[in-house]
Structures are given as C-alpha cells and as structure tokens.
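Read top to bottom, the protein sequences are chains A and B. Position in the first sequence (first residue = 1) + 12 = our numbering. Position in the second sequence (first residue = 1) + 12 = our numbering. Idealized CB from N, CA, C, for every residue including glycine. Bear in mind that the values here come from a model prediction, so they are computed numbers and not experimental data.
Protein chains: 2
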Amino acid sequence: MTPFEYLKQNESKRFQDLFSLLRFPTVSAKSEHKEDIIACAEWLKLHLGELGFKATLYPTKGHPIVYAEYIVDKKLPTVLYYGHYDVQPPEPLDLWKTPPFEPQIKDGYILARGACDDKGQFFAQIKGLEAVIKTSGTLPVNVKFLIEGEEESHSANLPVFIKKNKKLLRAEVVVVSDTAQFNKELPAVTFGLRGIAFVEVFVYGPNKDLHSGGFGGAVGNPINILCTMVGKLHDKDGKIAIPGFYKDCKPISRWVKNQLKKLPYNETNFKKAIGIPALHGEKGYTTYEKLTSRPTCDANGITGGYQGEGGKTIIPAMASCKITMRLVPDMNPHDICDKIEKYLMKIAPKTVRVKVNKHGGARAVEVPVDGPWLEAAGRAIKAGFGKEPVFIKEGGSIPIAVEFKETLGIDTLFIGFGQNDDNIHSPNERFRVVDFENGCKTAAVLPFELARVDK
Amino acid sequence: MTPFEYLKQNESKRFQDLFSLLRFPTVSAKSEHKEDIIACAEWLKLHLGELGFKATLYPTKGHPIVYAEYIVDKKLPTVLYYGHYDVQPPEPLDLWKTPPFEPQIKDGYILARGACDDKGQFFAQIKGLEAVIKTSGTLPVNVKFLIEGEEESHSANLPVFIKKNKKLLRAEVVVVSDTAQFNKELPAVTFGLRGIAFVEVFVYGPNKDLHSGGFGGAVGNPINILCTMVGKLHDKDGKIAIPGFYKDCKPISRWVKNQLKKLPYNETNFKKAIGIPALHGEKGYTTYEKLTSRPTCDANGITGGYQGEGGKTIIPAMASCKITMRLVPDMNPHDICDKIEKYLMKIAPKTVRVKVNKHGGARAVEVPVDGPWLEAAGRAIKAGFGKEPVFIKEGGSIPIAVEFKETLGIDTLFIGFGQNDDNIHSPNERFRVVDFENGCKTAAVLPFELARVDK
Chain A
13 MTPFEYLKQN ESKRFQDLFS LLRFPTVSAK SEHKEDIIAC AEWLKLHLGE LGFKATLYPT
73 KGHPIVYAEY IVDKKLPTVL YYGHYDVQPP EPLDLWKTPP FEPQIKDGYI LARGACDDKG
133 QFFAQIKGLE AVIKTSGTLP VNVKFLIEGE EESHSANLPV FIKKNKKLLR AEVVVVSDTA
193 QFNKELPAVT FGLRGIAFVE VFVYGPNKDL HSGGFGGAVG NPINILCTMV GKLHDKDGKI
253 AIPGFYKDCK PISRWVKNQL KKLPYNETNF KKAIGIPALH GEKGYTTYEK LTSRPTCDAN
313 GITGGYQGEG GKTIIPAMAS CKITMRLVPD MNPHDICDKI EKYLMKIAPK TVRVKVNKHG
373 GARAVEVPVD GPWLEAAGRA IKAGFGKEPV FIKEGGSIPI AVEFKETLGI DTLFIGFGQN
433 DDNIHSPNER FRVVDFENGC KTAAVLPFEL ARVDK
Chain B
13 MTPFEYLKQN ESKRFQDLFS LLRFPTVSAK SEHKEDIIAC AEWLKLHLGE LGFKATLYPT
73 KGHPIVYAEY IVDKKLPTVL YYGHYDVQPP EPLDLWKTPP FEPQIKDGYI LARGACDDKG
133 QFFAQIKGLE AVIKTSGTLP VNVKFLIEGE EESHSANLPV FIKKNKKLLR AEVVVVSDTA
193 QFNKELPAVT FGLRGIAFVE VFVYGPNKDL HSGGFGGAVG NPINILCTMV GKLHDKDGKI
253 AIPGFYKDCK PISRWVKNQL KKLPYNETNF KKAIGIPALH GEKGYTTYEK LTSRPTCDAN
313 GITGGYQGEG GKTIIPAMAS CKITMRLVPD MNPHDICDKI EKYLMKIAPK TVRVKVNKHG
373 GARAVEVPVD GPWLEAAGRA IKAGFGKEPV FIKEGGSIPI AVEFKETLGI DTLFIGFGQN
433 DDNIHSPNER FRVVDFENGC KTAAVLPFEL ARVDK
C-alpha cells in the first residue's frame, strides 16, 4: 500500500481525529481556557505517541509545549516541524453560523475555529507522516515536532524554550504549515512574512466616571484624547507618523517587486471579497506590496466609557486601545515599541495620565528563494496538489521563524495549505476539505523530497 | 403638630418609603428593565394616591408618565412639580462598594443608584407636601406632579405628552429638584442650565473582522479612522472645530460673569476631588465658566474590535462612538446635530462607510434671577437649610424645562438638594441624609412661600 492509498483508506478516521483536535477550545489569550489547553496538549502527546513518536509535554510559564521525535538514524537529515495548537478568541460569537468549537463539514469546508490556523494545517503534516510510517514502517528522515500553545498570544515562552534546548531541537530545516496558498488554483511556497510589534495604550483621566454636564469643559476626556493620539499615528498620505518608524525599513528589492508583479493578483476581487468601498493605504505601492512588504499600524480594539444601548452622559475615567504594527526587514520590534511609546507620551496632553504597555513582537522573515530546500518543498507540493507552486510573500507574521534562524541557525520552509478567505482570526473560520487532503498528500511526499536534498 | 414635627415623627417610615422607591432598577436606557420601570410607576401612583392625590399613569411609546394632582381651589396658584423616576445605567458594576439597587445608609449618606438623581430629590418634595397635608388636612396651593421615566434617555416622549396636555398641566410655576447645591455649606437656587445634543457615529469597514497581517496596509481600519475623526472635533486650543458650532452661542453676560465670580469657587479642590493632573479646556475662560456657561463636545463611549484580555490581531469590521455636546443659549440642538453630522461625513475618508445617528437634545435654559418666584424659593430654602441660598448656574441639562417654557409658557424653579460629589451618573451614587432631611423641610415650607407670591 502506498501512503496515498493509506490516506484514502483511513479518511473517516483521519477526520474523526481532526475533529477531536478542533473540539478543544484552546484560546490562549484567555486564562479561563487553561484547562482546555492542557487537555489538548495531552491529547496531541498521546496521538503522536501512538504513531511511534517519543512525545513529551514541556511546561512553560504559560501553556505547555508539545515536543515529539521520531529518530530513524543519526546519519539522516532531521526535519523540525513547527505548529501551534492554540487558537484566536472566537468573538464576536453572534456572527458564527456554526458553533466555533463544534467542527463540521459543509459545502466542501471544515468549519471550526482553528480549522486552518493552525490545527488543520499541522495536523495534515502529522497525518502525512502517519501514512508513511504505517505503510513503510519508518521515515526517510528524522522528524521532530514542536507544537506550541501560545502562538496567538505572541509565543511569550517559546523563545526561552528554544534557547534552552538548542541540542534537542537541532535539525537541518524547519517546516511550518501556517500560511495560505496564493489562491484556490495556485498552491504556493511562502518566502517572506512580515514581523509584528504589539502595544496597548491606556489613557487615565478623572478618578471615576463623571457626569458630562457637571464636569464637561474643564476635564480632559480620556476618549477624546485617546482618539486624538491614535489619529496622529498616520499622516494625511497614509504614512505612519511615528518619528523614526521607517528608519530600518528595507525598501522592496527589484527582484521581489518583479516576483510579486508576476502573480495574477486582482485588486477588484480583493476589494469585492471584503466589501470595502475603496482601497486604502500608503501612496506609491501596489496593493499586493502594501499587504506583504510594507509596515502597518492598525488598532485592533478600542474601549472606553459607556458602550451599551442608549446613552450615558459621562466623561469616562479611562480609555484604552490595542495596537499592532506589521514590520518588514530590518525593523526591530522592541525598537518600534519604544518609538511608538515615546511618540504617544510626547503627544499626550498634561490633563491625563498615559501608560503604554509594550508587548514586543518579532522581526520579519525572508527565506532565500534559490535554495535546495525550497525546491524540494516545491516538488512535494506539486505531488500533493498536482500543480506547480508559485513563490509568494505574506502579510502575516510567524515570529518563531525568526527564532529558528537567529537561535538555531535554521531556515524555515513555509508550506501553507490554507486560503486567504478561510476567515482565520474572523468568525466562521474554515479550511477546504480538498486543501486538507492535498496537504496530507504533500506531507506524505515531503520527507522523501527533503531526504533527497542531503544526498 | 407642625409639618417639621411630622417629618421628625415619621422619619423611619419616610426612609422605608424612599428605600422602596430606590430598589426598583429603573434603567430607562435598557429595554430589559421595562417591567421594573412599570412596577416603579405603579408604586408611585399608589403612594401619591394614599396622600390624597388623584394619580394616573399615562402610557407613552416608551415608559409611562406618572401624573398626580391635588386641587384645593381653582383660585389658588398651581405649582407643577417635575421629577424623573428612571436612573442612569449602574455600569461599571465592579466599582460599586454596595449593590446599586440595594439602598442603605452609611456614614451619613443614602447609597443607591438614583439616591440623588432624581428619586431622592423629587421624593423629598413629595414627603414635604405629605407633612403639610397630614398636619393641616390640605395644601396652600394646588399641586400637580409630573414624574417621567425617560429623563436619562433624553425624555423622548415627554414633549409630545406636554403638547397634548397643555390644559392638564396648566400652572403658575414649575418646581424641579434635580440639581446640586453650591457646596455642603451653601444651599442654592439654580438660574441657568446647559442644553444638550446627542449623536452616535458608526464607521463601517470590511464586511467582517479581518486578519491584520493578511489585510493590513490596504484596508481602511474603522478604529484608526474613527479616532482620526473624533480627534478632529477639537482644535489645538480646546475649541470645538465643527464649522459653525459657535455661531448661535451667546457670550457670557457681564452680569453672569460677576455673579459667578462672587461664588467661593476653588479650582484646586475641584482638581483634587476628581484626581486629574491638570485642568483642561477652552482658553480664555475660568473653570467655573467652562463648566456652566460654555459648550462642550465629549465622547461618552467608544467601542470597536477586540476588547478582551490579551491581543487579537484584527482589522475590525466596525467601530462606533457616542458623543454628547453641552449647549448654551441660543444654540439649537438639532442644528448642532446637523453640523456635527455634516462635518464628520466631510472628514471621513472614502475607504469606509460612515453613519451618524442624530438623537437631538434640548436647548439651554436661563431663569430671570430677579423674579418673585425665585425669591420665594430662596425663603423656603432658608427655612429648610437654615442658611441663605446663593444663585448659581449648572453645567448639566434639564431639557424638559425648555419644554415648560416654550410649550406651556411657565418658568422653572431649580431647587436642588444634591451635592456635586454625590456621584450621579457614576458608581456609588449617594445623597446626604441631611440634604434629604433639609430638602423635605424646604418642601414643607415651599408651598406656603409660593402661595404668598400671588397674594
């Protein structure tokens, strides 16, 4: 039996296993889900153990890391697979058509929070390897799995783990399936991702909510002031107005510009799919460049005062805003956090107190496109999807790839099985059944292709 | 027995009755409290009926109006008492030291939502009149009560009721106890109040929350855009930047300036009491002038995107903000709503859709200070509080006073028993026991003083 035949024969069990994994509400941002997260990690350990992996849970200050290895022969190349079993918060819940943690298949899609980001994707890798193990009794390479539970909470504890376990994690190449294909017709290998920096801004005014009649006019209003400050993050041309923000921002190279230009990118379809009246952003760049190769500064949430039905005539005691910035090479997230803090403190009026919580982030990442690993990945994708893949950049961030490069010296292959309209981080997250299937197939071929590289 | 003796003898029953009234969670802004509001109106009808009033509930499109009258003799002057039995939402609940709808007395204060605004205050008027009725068997004037349930929701239905019931409401003067004294040492009659205008701004971006990595840079972010727009409501000098905003704004007269200057107003104490690092506002005016005699534009609530623990890297589908503006004579609330809408639509970028819900409001009100009614009110306050009152302006709004003047042609006496630190519209609303007691006494003297005016 070939691995592809095995996948076909075990289809029903494979989906059952995936659904078990998707049912855990592993929202890492919320402490109320601590127990669910531990249960999911235990389940993964057990599952990998059953396939012949030596699996262990490593506790962290936050959520546990699942580590598993299948060592065939020290002379063979070693591949480190990375994934994350935590998910984004499902809110707003009322916009979900099916409950986020009750997975189901409908109209060719697997529906659930985490279906695509990232449970469904790293699980395709596991299931592909399972097909190889079950049909040949071994693997053509040594395999290590590192599956964390804090990716959606900025991987707070993983870098420390990597630094402490360099030997354990030693490998020739990292494989990450946590990105999207170019579109439904074009599978892809991603050669670049943006970095990220995250801050929260708090504006404190009076010591309690005040009546806006009795106090309005002489008391600095935290909402008005926060708005003025956030409003000053961009200039009229859509450029970010934080002094020094673009200092380390590498211009888009001619090679990348050409590469991106080759892709059949359709701005009208993009605009239509998300229902916006006009495209937005920095002058002088194409939409695809703006989405993948230029930095951003987006408020992700804002809150202050009375938000219920009707009105409440108050000057609130405080207001706050969550802001993330996407970074490109060679921007440093800590430097960017310092710069936005300095700027916000400078433009804040003396009538309020302002605090900026700096959560750091990760640098952008770029993989050399002409390396043998990328070519091997391309061959595996062709075998799995039946089509030659394109080489693309993505606007999202996989911070841990920077750690792999800087701490372990290993390049990462971004072999994404998702689609851009899979609603990751949004209500109704989904993953195409056909992408999951072709992902499993790709994963069953990939170790053979990677084994060839070192020969 | 004198009315004052009656009040003393019935102290315990009087507080029991007040507590019954305060226990109804009559939050008019929230539809979930509809039944509580009806129950409270029924309770008031019953209570006034027991005192000899002919009491009726008038249904409206919103919450019912309690109307009650005690007609002694058509030749006597008629006094129309206005109050409201609805209250502000109690949120944020976690900041209350005692449950908002479980009234109690502690350290000389009655603690409950509505204790001061306005249940405790209009109830003092009822209890003062009760003392007169119970000790003399009648009243020296005809009395009408109009107690509405929508004041904290902008009295949406009261103006229609007043227009339809001009004859029913005919009176020589209106009495409203819904303001504050100057301070704990100085009782006051209020001769001016600001008006109000209320709008809600909605900014709609993509058709769902989007991943800020995959979409950031080419999609207008509703939070960033809303902030920029709200930030442009004021200029650098604290002036409101809406074109034409100040067009009908009457300058503060020399007489009012002098009147306000006479009051022992302490800016340092004001700043300290509310815990702000510096005073804020329009240049060229004293704090007391800014609080009472200049218009404002305050955001009362803002909401958008992810507001929970941790982060969520999204571009939200929408963001919104509630804004109220305090008005001074002769600003028109509908005109002001139109102007802010026009301005916001003009400064909104084409990358989003913007909607402004205009809720209207009320003009400011000023009562002539040298009239005989104000003098009579002053004498009643002196009898109740044992001190000569001062004449003051307040920054809050009692929109219905404008209706009384414009529709019925009647001036309003603002006889407030509260204090500026009674936390109205804030957590831990309270009302001094001594202010409630002196309020009841004032109310027992007031009808006699008002009866003298017409003689």
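With a threshold of 8 Å between beta carbons, is residue i in contact with chain A?
i	result
I189/B	Note that residue 189/B corresponds to Ser in the displayed sequence, not to Ile. No, its Cβ sits nowhere closer than 8 Å to a Cβ of chain A.
E415/B	no
A456/B	no
N432/B	yes
K467/B	Reliability fails at K467/B, whose pLDDT of 47 lies under 50, so the model's placement of it is uncertain and the value that follows must be treated cautiously. No, K467/B does not count as interfacial toward chain A.
S474/B	One cannot answer for residue 474/B here, as it falls past the ends of chain B, which runs 13 to 467.
T280/B	no
S365/B	In the sequence under discussion, the amino acid at residue 365/B is Arg, which differs from the Ser named in the question. Answer yes: the Cβ-Cβ gap between R365/B and chain A drops below 8 Å somewhere.
K178/B	no
K334/B	yes
R26/B	no
E103/B	yes
E294/B	yes
S43/B	yes
D310/B	yes
Determine, for residue i, whether the minimum Cβ-Cβ distance to residues of chain B falls below 8 Å.
i	result
V99/A	no
L107/A	yes
R125/A	no
F210/A	yes
E461/A	no
P218/A	yes
D48/A	no
Which residue's Cα is closest to the Cα of residue i: the options?
i	options	result
K248/A	P255/B, I237/B, R338/B, D48/B	I237/B
F36/A	I83/A, K131/A, L92/A	K131/A
K73/A	V268/A, L170/A, K394/A	L170/A
A376/B	P112/B, D98/B, T202/B, K178/B	T202/B
F135/A	K370/A, K57/A, P71/A	K57/A
Y94/A	G428/A, S438/A, D433/A, V457/A	G428/A
E441/B	M13/B, K417/B, Q133/B, P71/B	Q133/B
F210/A	C452/A, F426/A, P411/A	P411/A
D119/B	T454/B, V445/B, D98/B	V445/B
P459/B	Q100/B, K139/B, T363/B, P276/B	K139/B
D434/A	I145/A, V144/A, N195/A, L151/A	N195/A
V355/A	P112/A, K66/A, F257/A	First, the residue type needs correcting, since residue 355/A is Tyr and not Val in the sequence shown. For the residues P112/A, K66/A, F257/A, the minimum Cα distance to Y355/A belongs to F257/A.
D129/B	T68/B, P104/B, E162/B	E162/B
Taking Cβ-Cβ distances shorter than 8 Å, what residues in chain D pair up with residue i?
i	result
T299/B	Reference to chain D is not applicable here, since the protein chains of this structure are A and B.
| request: Report the residue ranges of all beta strand (DSSP E) runs contained in full by the region 347-391 of chain B; include only those spanning at least 3 residues, in chain order. | output: Counting only runs of 3+ residues, the beta strand (DSSP E) found wholly inside the region 347-391 of chain B occupies 365-374, in chain order.
| said: For a minimum of 3 consecutive residues, which ranges assigned as the beta strand (DSSP E) are wholly contained in the region 311-346 of chain A? | reply: Runs of the beta strand (DSSP E) lying entirely within the region 311-346 of chain A and spanning at least 3 residues, in chain order: 330-339.
| Residues in the region 316-327 of chain B having any Cβ partner in chain A nearer than 9 Å | If the cut-off is 9 Å between Cβ atoms, the region 316-327 of chain B has G316, G317, Y318, Q319, G320, E321, G322, G323, K324, T325, I326, I327 near chain A.
| Residues, ordered as in the chain, of the region 223-244 of chain A that lie near chain B by beta-carbon distance below 8 Å | Answer in chain order: H223, S224, G225, G226, F227, G228, G229, A230, V231, G232, N233, I235, N236, L238, C239, T240, M241, V242, G243, K244.
| Quick one, which residues of the region 432-451 of chain A are near chain B if we go by CB-CB under 9 Å, in chain order? | From the region 432-451 of chain A, only N432, N435, I436, H437, S438, P439, N440 have a Cβ closer than 9 Å to chain B.
| query | Does the region 119-127 of chain A touch the region 183-194 of chain A, meaning 3 or more C-beta pairs lie closer than 8 Å? | reply | The answer is no - the region 119-127 of chain A does not touch the region 183-194 of chain A, with fewer than three Cβ pairs under 8 Å.
| query | Just by C-beta distance, which residues in the region 400-412 of chain B are closer than 8 Å to chain A? | reply | Under the 8 Å Cβ criterion, the region 400-412 of chain B contributes E406, G407, G408, S409.
| Just checking, does the region 335-349 of chain B make contact with the region 158-177 of chain B on the three C-beta pairs under 8 Å criterion? | No, the region 335-349 of chain B does not touch the region 158-177 of chain B.
| request: Let me know the alpha helix (DSSP H) ranges lying completely inside the region 129-206 of chain A, each 4 residues or longer, listed in chain order. | output: Runs of the alpha helix (DSSP H) inside the region 129-206 of chain A: 131-148, 170-176.
| message | List, from N- to C-terminal side, the alpha helix (DSSP H) runs of 4 residues or more that fit wholly inside the region 16-68 of chain A. | response | Counting only runs of 4 or more, we get 23-35, 46-62.
| Is the region 304-311 of chain B touching the region 282-291 of chain B, taking contact as three or more C-beta pairs under 8 Å? | The region 304-311 of chain B vs the region 282-291 of chain B: no contact.
| task | Taking 8 Å as the threshold, find out whether the region 319-334 of chain B comes into contact with the region 205-222 of chain B through three or more Cβ pairs. | result | Yes: at least three Cβ pairs fall under 8 Å.
| task | Starting from the N-terminal side, write out each stretch of the alpha helix (DSSP H) that is 4 residues or longer and does not extend beyond the region 208-234 of chain B. | result | Whole alpha helix (DSSP H) segments, 4+ residues: 224-227.
| request: Tell me the start and end of each unbroken alpha helix (DSSP H) in the region 254-301 of chain B that is at least 4 residues and wholly inside, in chain order. | output: List check, alpha helix (DSSP H) in window: 266-274, 279-286.
| query | Do the region 399-414 of chain B and the region 364-371 of chain B meet, that is, are 3 or more Cβ pairs less than 8 Å apart? | reply | Contact between the region 399-414 of chain B and the region 364-371 of chain B is absent: fewer than three C-beta pairs spanning the two stretches fall below 8 Å.
| Is the region 290-299 of chain B close to the region 74-83 of chain A, with three or more CB pairs under 8 Å? | Contact between the region 290-299 of chain B and the region 74-83 of chain A is absent, because fewer than three Cβ pairs lie under 8 Å.
| message | Could you tell me which whole beta strand (DSSP E) segments of length 3 or greater appear in the region 402-431 of chain A? | response | List check, beta strand (DSSP E) in window: 402-406, 424-426.
| request: Count the C-beta pairs between the region 13-28 of chain B and the region 43-52 of chain B that are closer than 8 Å, then say yes if the count reaches three, no if not. | output: No, the region 13-28 of chain B does not touch the region 43-52 of chain B.
| request: Could you list the residues in the region 330-361 of chain B with a C-beta less than 8 Å from some C-beta on chain A, going in chain order? | output: Correct list: A331, C333, K334, T336, R338, P361.
| request: Report yes or no: do the region 335-343 of chain A and the region 263-281 of chain B share at least 3 C-beta pairs separated by less than 8 Å? | output: Touching, no, given that fewer than three Cβ pairs across the two stretches are closer than 8 Å.
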